[in-house]
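Last residue of the sequence shown: number 739 in the working numbering, and the count goes up by one each step with no gaps.
Even for Gly, the Cβ is constructed at its ideal location relative to N, Cα and C.
Keep in mind the model is a prediction, meaning the values are calculated, not measured.
Here is the structure we will look at, set down as structure tokens.
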Amino acid sequence: MSPAALKKKALDYHRLPKPGKLSVESSKPCSTPDDLSLSYTPGVAQPVLEIAKNPEKAYDYTNKGNLVAVITDGTAILGLGNRGPLAAKPVMEGKAVLFKQFAGIDVFDIEVNAKTPQDFIKVVEAIAPTFGGINLEDIAAPHCFEIEAALKKKLDIPVFHDDQHGTATIICAGLINALHVQGKTLETAKIVCLGAGAAGIASMKLLVAMGARKANILLVDSKGVVHKDRTNLNSFKKGFARKTALRTLADAMNGADVFVGVSGGNLVSSAMVKSMADRPVVFALANPTPEILPEKACAARSDLIMATGRSDFPNQVNNVLGFPFIFRGALDARAKEITQDMLIAAVYALAELAREPVPASVLKAYKLKKLKFGPDYILPKPFDPRLAERVPQAVAKAAKKGMAAAKRRQV
Ligand SMILES: NC(=O)C1=CN([C@@H]2O[C@H](COP(=O)(O)OP(=O)(O)OC[C@H]3O[C@@H](n4cnc5c(N)ncnc54)[C@H](OP(=O)(O)O)[C@@H]3O)[C@@H](O)[C@H]2O)C=CC1
Ligand SMILES: CC(=O)C(=O)O
Ligand SMILES: [Mg+2]
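Rendered as structure tokens:
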């Protein structure tokens, strides 16, 4: 599709037949005077009194247990930068649609005009009673780290920054499979990560937790390679600073096995891709414009595995494969937090699913004759119905194991 045609189609999709992508529906009948006396006064007083006596009853008498807030300040909308909270609304409505479509979870999207992380934290803390979980979205680093840490401490429901942990989960699952196809391992792979923000830092941390070696990772930000002699690094970047003479992205890419791009569009050249090691993996995940387009990267060399964050190319590495299913598992287990063990459970569930035969319904949805684990299929497709069975189950199991261990530690 031409850029002009895509623009018109996308704007029409959002505007017609009525503006936006979400509406609120009643889940109970309310069409007679009797219904009204139950749903509203006097009947509604009964659950009010029950919940006032025991807050846990909110899970029985309200939608709290299946309701997630998708909350943003609009400071890092996809790869479009800081465009403010209102402009972030189409993305937040979109996340809500995906929560519902893939995991049956209801969402209120909330766009917050907050000048400081403290203002933002206060707003989220104040509205938290409504929700069973908080999905932070498109909040730029480094504020996102402070916001998530503070809210995790204050709230007794799962708080999850999707751009950090959703993205990290999918990158790990995709990379484990891509490296397997290329005959390489996470433990020995030389990894370059362009983007040292929310997605970059969290993804590299999870990769290290799963076996990648920090000494093999080169983090690159808008000023170049993150190295020990730099004086302009925040504490999150410092954790990955290497003692190295390499300075530019081109220096870093030379001989690398893996490129992970979570930065901005068109930052990687054909020459950089050519300079990578044999059988490389290129995850150009910036949205909507990847660091390098698949046609350009694949023209540079034929032995690579190529992925983007987009739905219109093969190998979509995107947190849509994570947040709906991770929250489904967390809500089902009534988890109070989303732990690293729960993310790792999701990583393995996703990676294993991609190695199994693909159901006919997926082939039909994607208009494909065949699809088999390999260079062009390293992760399940978002419309794979098995995702909703496998991933939440694995996440809930890890959650319950963690809660049981915590309980044992208390006694
Ligand atoms: N496919 C997926 O599922 C996902 C993709 N993403 C994509 O990742 C990107 C970053 O998102 P997020 O981490 O939330 O944003 P942040 O704002 O937290 O981080 C952005 C990072 O990109 C770096 N960067 C920006 N421009 C350049 C440049 N010209 N050269 C090198 N580095 C640059 C910034 O460098 P500096 O620190 O120096 O400012 C920063 O480290 C976006 O494009 C987003 O769409 C994010 C989440 C999920
Ligand atoms: C996919 C996503 O969350 C992002 O690009 O920010
Ligand atoms: Mg995002």
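message = Could you compute how far the alpha carbon of N594 sits from the alpha carbon of K392?
response = For N594 and K392, the gap between their C-alpha atoms comes out near 42 Å.
Beta-carbon gap between G545 and I504 smaller than 8 Å = The sequence shown places Ile at residue 545, not Gly. If you check the CB distance, I545 and I504 do not come in under 8 Å.
inquiry  = Please tell me whether G460 and L671 are closer than 8 Å, where the distance is taken between their beta carbons.
reply    = No, they are not a contact pair.
query = Taking the alpha-carbon positions, what's the I405 to G525 distance?
reply = Distance from the CA atom of I405 to the CA atom of G525, rounded to whole angstroms, is 13 Å.
ask   = So, helix, strand or coil for G593, using DSSP?
value = Three-state DSSP puts G593 in coil, outside helix and strand.
message = Which same chain residues end up closer than 7 Å to S367 when comparing Cβ atoms and leaving out the 5 residues on each side of it in sequence?
response = Around S367: K356, C358.
query = Heavy atom of ligand 2 less than 7 Å from the Cβ of N646, yes or no?
reply = Because some heavy atom of ligand 2 lies under 7 Å away, the Cβ of N646 counts as near it: yes.
inquiry  = Give me the DSSP bridge partner(s) of N505.
reply    = N505 pairs with nothing; no bridge assigned.
Distance between V719 and L678 (C-alpha atoms, nearest Å) = Distance between the alpha carbons of L678 and V719: 7 Å.
request  = Check whether the Cβ of L514 sits closer than 7 Å to any heavy atom of ligand 3, and report yes or no.
outcome  = Incorrect: L514 has no Cβ contact closer than 7 Å to ligand 3.
inquiry  = Quick check on the DSSP output: what are the complete beta strand (DSSP E) runs of length 3 or more inside the stretch 504-586, in order along the chain?
reply    = The qualifying runs are 519-522, 545-549.
message = Let me check you understand the geometry: is the CB of G637 closer than 7 Å to at least one non-hydrogen atom of ligand 5?
response = Ligand 5 is not part of this structure, which contains only ligand 1, ligand 2 and ligand 3.
query = With which residues is E439 paired in a DSSP beta bridge?
reply = E439 pairs with T400.
ask   = By Cβ distance below 6 Å, which residues in the same chain neighbour I654 in space, the five residues on each side in sequence not counted?
value = Short of 6 Å from the beta carbon of I654, and not among the five residues preceding or following it, lie these beta carbons of its own chain, in chain order: A674, V723.
query = Where do the N-terminal and C-terminal ends of the alpha helix (DSSP H) with G634 fall, by residue?
reply = The question names Gly, but residue 634 in the sequence shown is Met. Counting along the chain, M634 falls outside any alpha helix (DSSP H), though it belongs to the beta strand (DSSP E) covering 633-636.
request  = Could you check how far apart the C-beta atoms of A506 and V609 are, in whole angstroms? I think they sit under 8 Å.
outcome  = Confirmed, Cβ separation roughly 4 Å.
inquiry  = With a threshold of 6 Å on Cβ separation, who are the neighbours of F742 within its own chain once the five nearest residues in sequence on each side are excluded?
reply    = A query on residue 742 cannot be resolved here, the shown segment of the chain reaching from 329 to 739 and no further.
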